[in-house]
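Everything below concerns the one structure shown next.
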Amino acid sequence: MASSNVADVRPNRKGSAFQSFRQLVDSVIDACEPIVEWMIRLSGWSAIVFVLAIFAFVFAQAFFVFENDSMIPSLWTKLDFVEFFTSVKWRPTSVVREQYGIVALLAGTGAVTVTSMLIAVPLGLGAAVYVSEFCHGKTKETLKIIIELLAAIPSVVWGFIGVAVLGPLIIDVTGSPIGVNVLNASLILALMSVPVIVSVGEDSLKAVPDSYREAAEALGASKWEVVYRVLFPAAKNGLLAAVLLGVGRAIGETMAVLMASGHKAQIPGGLLDPARTLTATIAAEMGEAPRGGDHYRVLFLIGIVLFALTFLVNLIADVVVKGIKGKQNG
724 MASSNVADVR PNRKGSAFQS FRQLVDSVID ACEPIVEWMI RLSGWSAIVF
774 VLAIFAFVFA QAFFVFENDS MIPSLWTKLD FVEFFTSVKW RPTSVVREQY
824 GIVALLAGTG AVTVTSMLIA VPLGLGAAVY VSEFCHGKTK ETLKIIIELL
874 AAIPSVVWGF IGVAVLGPLI IDVTGSPIGV NVLNASLILA LMSVPVIVSV
924 GEDSLKAVPD SYREAAEALG ASKWEVVYRV LFPAAKNGLL AAVLLGVGRA
974 IGETMAVLMA SGHKAQIPGG LLDPARTLTA TIAAEMGEAP RGGDHYRVLF
1024 LIGIVLFALT FLVNLIADVV VKGIKGKQNG
C-alpha cells in the first residue's frame, strides 16, 4: 500500500512541476509581448525613417554648406535652375563658364532604360511563364539556378562583357565606328534586369490558385489561353511589380552603364550613339569634384532627381493598378 501511495504522489509532483513551469513561461511571454510588439512596429517604421534620412542627407549636401557652425545656402543663389533643367550642356570643369544642364543626362538615362525594358520585359515575362507553367522537373530546377547565377554576376563583370564582347560584335554587325553606345548599354541592362523580372513574375504566377487553371481547362481553354486570359489578369499586380523592379534596376545601375554606354553627355540620336546616364555621371565625377563646391553639390542634386524619377515611376504604377481595379469592380 505504501509503495502504491508513493507511486501516486510522484506523478502528481511531476504534473504540478510541469504546470508551474508552464505558468512561468506564459507569464514571461505575457510580459515580453508589449516589447515584441514595440520592436515589430519599430521595424516597420524604420524603413520609412531610413528613406527620409537618406533624402534629408542628399538634400542637405545639395543645397547647404556648413561654415563656422552655420548653415549657408549654396545652390539656391548660385545655380541657374532654368539652365539646369533645360540645357543640354554639361561642362562642370569649363575654364570659361561652368555649365550644369541635365537634359542630355536625362535623355541618355531614358534612352538606355526604355530600350533595355523593351528587351527585358517580353523576355523576362516569357521566361517566367515558361518556368512556372511549362517547365517541370530537373529542367525547371536547372533554369532557376541559371537565373539566380545571372542575378549574382557583379555589375563590373557585366561592364567587361559589354566592352570586350558586345562592343566588337556591334561594330562588326552594324558597321558603327564605336561599340560602346546606347544599344550596348541597353543589352547589358536587359540581361541584368531579366533575372529580377523572372523571379518576381514566376512567384506571382505560382500564387494564382490552381482552381483557376483547372476551371479554364475544364471549359476547353488551351495552355496559352489559360496563361493569357486567366493567369495574366489574376497576377497583374505581381507582374507589374516585376516590371517596376526591372525598371528600378535599369535606372539605378551605374558601373555597367558607365563602361558600356560611351559616357558622352549628348542627346543620343539613335541606338548606335554614345550616351551618359545620371548615375554614371555621379559615379564618374564625384571623386574629382571638390568637396563643398558647386560641382559637388550639383551631383547630389542629380541624386535628388533620381529620387524623384523613382517616385514618379512608382506613382504611375500605383495609378495604373488602381485604374485597372476600378474598371474590374465597375
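According to the numbering used here, the sequence shown is numbered sequentially starting from 724. The C-beta atom is built at its ideal place from N, Cα and C for all residues, glycine as well. In this text, all values refer to a predicted model and were calculated from it rather than measured experimentally.
Comparing alpha-carbon positions, which option in the options lies nearest residue i?
i            : options              : result
residue 838  : 1025, 984, 1005, 781 : 984
residue 822  : 958, 774, 810        : 810
residue 1007 : 850, 994, 988        : 988
residue 834  : 918, 995, 895, 869   : 995
residue 1041 : 992, 963, 1032       : 963
residue 813  : 926, 1030, 766, 828  : 828
residue 923  : 851, 824, 747        : 851
residue 884  : 896, 982, 803, 953   : 982
residue 958  : 973, 804, 932        : 932
residue 913  : 1034, 745, 847, 803  : 847
residue 1034 : 749, 841, 886, 774   : 774
residue 824  : 980, 840, 805        : 805
residue 928  : 742, 853, 755        : 853
residue 871  : 819, 925, 908        : 925
residue 1043 : 808, 746, 960        : 960
residue 886  : 909, 1009, 742       : 909
residue 1014 : 761, 946, 787        : 787
residue 836  : 820, 975, 1009, 951  : 975
Give the secondary structure of residue i by DSSP, where H, G and I count as helix, E and B as strand, and everything else as coil.
i            : result
residue 902  : coil
residue 1020 : helix
residue 783  : helix
residue 989  : coil
residue 1012 : coil
residue 952  : helix
residue 944  : coil
residue 964  : helix
residue 754  : helix
residue 745  : helix
residue 719  : Past the boundaries of the shown model lies residue 719; the chain is included only from 724 to 1053, so the question cannot be answered.
residue 814  : strand
residue 939  : helix
residue 998  : strand
Within 10 Å of its beta-carbon, does residue i have 16 or more other beta-carbons around it, so buried, or fewer, so exposed?
i            : result
residue 997  : buried
residue 860  : exposed
residue 1023 : buried
residue 831  : buried
residue 817  : exposed
residue 865  : exposed
residue 920  : buried
residue 1039 : exposed
residue 905  : buried
residue 965  : buried
residue 999  : buried
residue 1037 : exposed
residue 993  : exposed
residue 1031 : exposed
residue 991  : buried
residue 843  : buried
residue 911  : buried
residue 942  : exposed
residue 897  : exposed
residue 1020 : buried
residue 747  : exposed
residue 903  : buried
residue 1045 : exposed
residue 1003 : buried
residue 888  : exposed
residue 772  : exposed
residue 980  : buried
Kindly list the residues whose CB is nearer than 6 angstroms to the CB of residue i, restricted to its own chain and excluding five residues on each side of it in sequence; keep chain order.
i            : result
residue 1018 : 815, 1012
residue 978  : 878, 879, 882
residue 949  : 936, 939
residue 1001 : 828, 832, 1025, 1029
residue 874  : 918
Below 7 angstroms CB to CB, which residues in the same chain sit around residue i once its five sequence neighbours on both sides are set aside?
i            : result
residue 1027 : 781, 782, 785
residue 777  : none
residue 891  : 902
Could you name the residues of the same chain whose beta carbon sits closer than 8 angstroms to that of residue i, not counting the 5 residues immediately before and after it, in chain order?
i            : result
residue 899  : 893, 995
residue 863  : 854
residue 1005 : 977, 1022, 1025, 1026
residue 712  : Residue 712 is absent from the structure shown; the chain starts at 724 and stops at 1053.
residue 857  : 946
residue 955  : 962
Q: Write down every uninterrupted run of the beta strand (DSSP E) in the segment 838-913 whose length is 3 residues or greater and which is fully enclosed by it, in chain order.
A: none
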